[in-house]
Structure formats: structure tokens, C-alpha cells
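Trainee:
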Ligand code: 8YV
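In the UniProt record's numbering, the protein residues as written are 2 to 330.
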């Protein structure tokens, strides 16, 4: 019987489906393993159900020659060196589609919370500060309806956010992406293509939804923030590293932009200290896809991928959502 590793805690009933085919080692305590500990736990394993917290690189693959499948719980897979996996015949899979709507909902919610200063006002109530002031006109923020929503990265989640803004809130939606959508997709999203500079200049609320790659590192830095409106908000539900967090902290302090909603951070779970102490940030712990239904669907898809990638189940040899399908040939 083959053995597999689930790097994090998962839903017990879904994990039981894995146990029908494999000996399963999991991590019910959700301990964060160092790279050395991960390699030790992967010895003798044929497959791994990974998350964005683990780096799967050439060194790890060379130290774990039995590994045949890396099934990521997450649509983003920048934690995995896919080329190194492909070169070694290791199948990589991710979990697209099942998280699109939940994550688009979350991006919209975080953008709204940021624009309307919900977290700041929450702290004000919680600390009792409200009882010490008679001010009425506090926590006035930016509007959502009628405002211009800017989206950088127009994949499935970006298009979901665009639809919410255009159809639900009467926003003008502009986007920028490596490649332009076709006319039908633009009409369906209610979004207009603009160049990156126009996007930065015109957005009242800019939402980042692009995948991380070395080329996307610090896509938003000091120069880009300086192009934005002083009343604008920035929301990042994509990946840490897409924003230069130090430059963002400086821009928030200087009033270059009004506020930021951040679900992802450079070097998370550590967060830049100035972002933590800034009043005009809404900070959440990488929870964009975290609804029960969606997390169950992600775990189920990752498990079905793992079972199929290792040659079992109805889809034997044909994982549902491979990232490097060329390995399967
Ligand atoms: C995951 C994500 O929680 O899908 C993604 O890319 O960032 C999240 O849904 C993350 O990958 C950890 O597994």
C-alpha cells in the first residue's frame, strides 16, 4: 500500500476517503514544519497534499525520490517549483473553480470593509473610545456604489469581483491583465480594459487578484502607489510579495492612499509592524477561500486529484485539475 502525507489538518470524513487507498500521515495539530521536518515526513511517501505554507522545490524533490504527486490545496501554486516537478515526472495539481465565488465574495467584502473603515470603527467601539468623544462625523469613508473599481489580474476570481461591482453595486469597473479578455468575457464581467497606469490613476478601489510569479514581485511599489488617488483604497487578496509592504506602509502613513485591506503579506504569517499599527488597514489572516463549503470542496478536489494521480479511483491516471498535464503523457 502506498503512503501519502497531508501537511495540514483536513476534514476527517474527507481524509477517510484517502485512507481507503493509502496509508495516510496527517497533521491534526496543524504544526508548521520546517523544510527539514517536511522532508523527514515525506520519506517513503508517494504523494503529498500540500498547502501554500510549504515550499516544494528541487532540493525537497531530490531528497524525496519516491514522491510522484504534489496535490495543492489552493488555486495558487507559487509555493511549488512546477518546472522542477515536471523535470522529475512529478504530477502537480491545484484547486481552481471551487473557490472562485467564495474568494470573490471575500475580496469584495474586504474592499468594502476598507472603504467604509469597518475595522477602525470596530476598534473604536471595542476599546471604549466611543464613550469618550462626542464627535459624530467619524469614520467617514469612501463610497462603493458609483465608484470606480479597479481590478489587477482578470482570471476567474477577478471576473467574479468585477461582476459583483458592476451588477450588484453599479460601479464602473476597469481592469488590467497580461492579456485582454475577449468581448464576450468583458461584457459578462461588465469591465473595461485599461493600461496599468490608467488603472492606478482612475481606481477609487483597487483590488489585486493576480497570481504570484517572480515577474509579479512588487507589482505595486512606491511608484505605483504614488499614481493612485489620495482617497483610493488598495485591497490585496492575491499573494504577499505582489505588494511592497514597506512601501505600502510608508504610503499609508504619508496619505498617498487612504487605506488598505490585506489578506496576504510578504513573509506571512509575519506582518510588517507598521501595517499592524497603522489605523487605516484592515488585516486578515489569508482567509479569502475560508468558508466551510469551499474549504471542503478544495480538500475533496485535492484528494480526488491525489487518488487519481497515484493511479486509483474512477479517474485513475487522470487527475482532474493538473497544473503540468504533460507529465501524464
Ligand atoms: C489557500 C489560496 O488557503 O487558493 C489559494 O491560492 O491562497 C488559499 O485558498 C492557500 O493556498 C493555502 O492552502
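For glycine and all other residues, C-beta sits at the position ideal for the given N, C-alpha and C.
From residue 323 to residue 94, what does the alpha carbon distance come to, in whole angstroms?
Mentor: By 1-based counting over the chain shown, the position of residue 323 is 322. By 1-based counting over the chain shown, the position of residue 94 is 93. Each residue's alpha carbon lies about 4 Å from the other.
Trainee: Any contact of the region 73 to 87 with the region 45 to 59, i.e. 3+ C-beta pairs under 8 Å?
Mentor: As far as the Cβ criterion goes, the region 73 to 87 touches the region 45 to 59, which means the pair count is three or higher.
Trainee: In the DSSP assignment, what are the bridge partners of residue 175?
Mentor: As a position in the chain shown, residue 175 is number 174, starting the count at 1. Residue 175 is bridged to 151, 193.
Trainee: Using only the alpha-carbon positions, how far apart do residue 332 and residue 207 sit?
Mentor: In the structure as shown, the chain starts at 2 and stops at 330, and residue 332 therefore has no counterpart that could be examined.
Trainee: Let me know if residue 37 comes out buried or exposed under the rule of 16 or more other beta-carbons within 10 Å of its beta-carbon.
Mentor: One-based indexing of the chain shown puts residue 37 at position 36. Residue 37 is exposed by the Cβ-count criterion.
Trainee: Are there any heavy atoms of ligand 1 lying less than 8 Å away from the beta-carbon of residue 214, as far as the coordinates show?
Mentor: Here residue 214 is taken as the residue at index 213 of the chain shown, counted from 1. Not under cutoff, so the answer is no.
Trainee: Using CA atoms only, rank isn't needed, just tell me which of 32, 178, 69, 151 is closest to residue 88.
Mentor: Start at 1 with the first residue of the chain shown, and residue 88 comes out as number 87. The shortest C-alpha separation from residue 88 is found at 69.
Trainee: Looking only at C-alpha atoms, which of 143, 226, 247 sits nearest to residue 113?
Mentor: For the purposes of this step, residue 113 is taken as residue 112 along the chain shown, with counting starting at 1. Taking only the C-alpha atoms, the option nearest residue 113 is 143.
Trainee: Considering only the beta carbon of each residue, do residue 235 and residue 251 sit closer than 9 Å?
Mentor: For the purposes of this step, residue 235 is identified with residue 234 of the chain shown, where counting begins at 1. For the purposes of this step, residue 251 is identified with residue 250 of the chain shown, where counting begins at 1. Contact: no.
Trainee: Evaluate residue 180 with the Cβ neighbour count: other Cβ atoms within 10 Å of its Cβ, from every protein chain shown; 16 or more gives buried, anything less gives exposed.
Mentor: As a position in the chain shown, residue 180 is number 179, starting the count at 1. Exposed, because fewer than 16 other Cβ atoms sit within 10 Å of the Cβ of residue 180.
Trainee: Could you check if residue 140 is buried or exposed, using at least 16 other CB atoms within 10 Å of its CB as the buried criterion?
Mentor: Counting from 1 along the chain shown, the entry for residue 140 is found at position 139. By the 10 Å Cβ count, residue 140 comes out exposed.
Trainee: By Cβ distance below 6 Å, which residues in the same chain neighbour residue 72 in space, the five residues on each side in sequence not counted?
Mentor: Indexing the chain shown from 1 puts residue 72 at position 71. Only 50, 94, 303, 306, 307 meet the Cβ criterion.
Trainee: Can you tell me whether residue 4 is helix, strand or coil according to DSSP?
Mentor: Your numbering for residue 4 matches position 3 in the chain shown. Note: residue 4 maps to strand in three-state DSSP.
Trainee: When DSSP builds the beta bridges, which residues end up paired with residue 73?
Mentor: The sequence position of residue 73 within the chain shown is 72, counting from 1. Paired residues: 51.
Trainee: Should residue 32 be labelled buried (16 or more other beta-carbon atoms within 10 Å of its own) or exposed?
Mentor: For the purposes of this step, residue 32 is taken as the residue at position 31 of the chain shown. When all chains shown are included, residue 32 counts as exposed.
Trainee: Please determine, among 35, 41, 30, the residue with the shortest C-alpha to C-alpha distance to residue 5.
Mentor: Residue 5 sits at position 4 when you count from the first residue of the chain shown. Nearest option by C-alpha distance: 41.
Trainee: DSSP state of residue 282, grouped into three classes?
Mentor: Numbered from its first residue, the chain shown carries residue 282 at position 281. Residue 282 falls in the strand class under three-state DSSP.
Trainee: Flag residue 290 as yes when its Cβ comes closer than 8 Å to any non-hydrogen atom of ligand 1, and as no otherwise.
Mentor: Position 289 of the chain shown, counted from the first residue, corresponds to residue 290. Yes, Cβ of residue 290 sits closer than 8 Å to a heavy atom of ligand 1.
Trainee: Could you tell me whether any non-hydrogen atom of ligand 1 is closer than 8 Å to the CB of residue 154?
Mentor: Position 153 of the chain shown holds residue 154. No, since every heavy atom of ligand 1 falls outside the 8 Å radius drawn around the Cβ of residue 154.
Trainee: So residue 261 is in the beta strand (DSSP E); what residue range does that whole segment cover?
Mentor: Locating residue 261 in the chain shown gives position 260, where the first residue counts as 1. Taken as a continuous stretch (DSSP letters only), the beta strand (DSSP E) holding residue 261 covers 260 to 263.
Trainee: Can you confirm whether the region 188 to 195 touches the region 152 to 163 when touching is taken to mean that 3 or more C-beta pairs between the two stretches lie within less than 8 Å?
Mentor: They touch, by the three-pair rule.
Trainee: Between residue 272 and residue 237, how many whole angstroms is the CB-CB distance? I'm expecting something under 8 Å.
Mentor: Position 271 of the chain shown holds residue 272. Position 236 of the chain shown holds residue 237. So it is not a contact: roughly 12 Å between Cβ atoms.
Trainee: For my contact list, residue 244 and residue 120 are in at a C-beta cut-off of 8 Å; report their separation, rounded to the angstrom.
Mentor: Within the chain shown, residue 244 is the residue found at index 243, counting from 1. Within the chain shown, residue 120 is the residue found at index 119, counting from 1. Actually they are not in contact, since the Cβ atoms of residue 244 and residue 120 sit about 18 Å apart, beyond 8 Å.
Trainee: Could one say the Cβ of residue 296 lies closer than 9 Å to chain C's Cβ atoms, at least one of them?
Mentor: This model lacks chain C altogether; it includes just one protein chain.
Trainee: Judging by CA-CA distance, which residue of 24, 301, 188 is the nearest neighbour of residue 43?
Mentor: Against the chain shown, residue 43 aligns to sequence position 42. Cα-wise, what sits closest to residue 43 is 24.
Trainee: Assign residue 13 to one of two classes, buried (16 or more other C-beta atoms within 10 Å of its C-beta) or exposed (fewer than that).
Mentor: The residue given as residue 13 occupies position 12 in the chain shown. With fewer than 16 other Cβ atoms within 10 Å, it is exposed.
Trainee: With 16 other CB atoms within 10 Å as the buried threshold, where does residue 327 fall?
Mentor: One-based indexing of the chain shown puts residue 327 at position 326. Under this definition residue 327 is an exposed residue.
Trainee: In angstroms, rounded to a whole number, what distance separates the CA positions of residue 203 and residue 275?
Mentor: Here residue 203 refers to the residue found at position 202 when the chain shown is read from its first residue. Here residue 275 refers to the residue found at position 274 when the chain shown is read from its first residue. Distance between the alpha carbons of residue 203 and residue 275 is about 27 Å.
Trainee: Are the CB atoms of residue 188 and residue 145 within a distance shorter than 9 Å?
Mentor: Here residue 145 refers to the residue found at position 144 when the chain shown is read from its first residue. Here residue 188 refers to the residue found at position 187 when the chain shown is read from its first residue. Cβ distance not < 9 Å, so residue 145 and residue 188 don't count as in contact.
Trainee: Buried or exposed for residue 246, going by 16 or more other Cβ atoms inside 10 Å?
Mentor: Your numbering for residue 246 matches position 245 in the chain shown. Under this definition residue 246 is a buried residue.
Trainee: Below 6 Å CB to CB, which residues in the same chain sit around residue 19 once its five sequence neighbours on both sides are set aside?
Mentor: As a working note, residue 19 is residue 18 in the chain shown. Answer for residue 19: 25, 304, listed in chain order.
Trainee: Looking at the structure shown, is residue 80 part of a helix, part of a strand, or coil, going by DSSP?
Mentor: Taking the chain shown and counting its residues from 1, the one referred to as residue 80 is at position 79. In the structure shown, residue 80 sits in coil (DSSP, three-state: anything other than H, G, I, E or B).
Trainee: Tell me which residues share the same chain as residue 248 and place their Cβ nearer than 7 Å to its Cβ, disregarding the 5 neighbours each side in the sequence.
Mentor: Looking up residue 248 in the chain shown gives position 247. Result list for residue 248: 222, 223, 226, in chain order.
Trainee: What is the C-beta distance between residue 353 and residue 173, in whole angstroms, given that I count them as a contact (C-beta under 8 Å)?
Mentor: Lying before the first or after the last residue shown, residue 353 is absent from the chain, which here runs from 2 to 330.
Trainee: Out of 281, 232, 280, which one is the CA nearest neighbour of residue 258?
Mentor: Stepping through the chain shown from its first residue, residue 258 is reached at position 257. For the residues 281, 232, 280, the minimum Cα distance to residue 258 belongs to 232.
Trainee: Which residue or residues does DSSP assign as beta-bridge partners of residue 26?
Mentor: Here the question's residue 26 lines up with position 25 in the chain shown. Its beta-bridge partners are 6.
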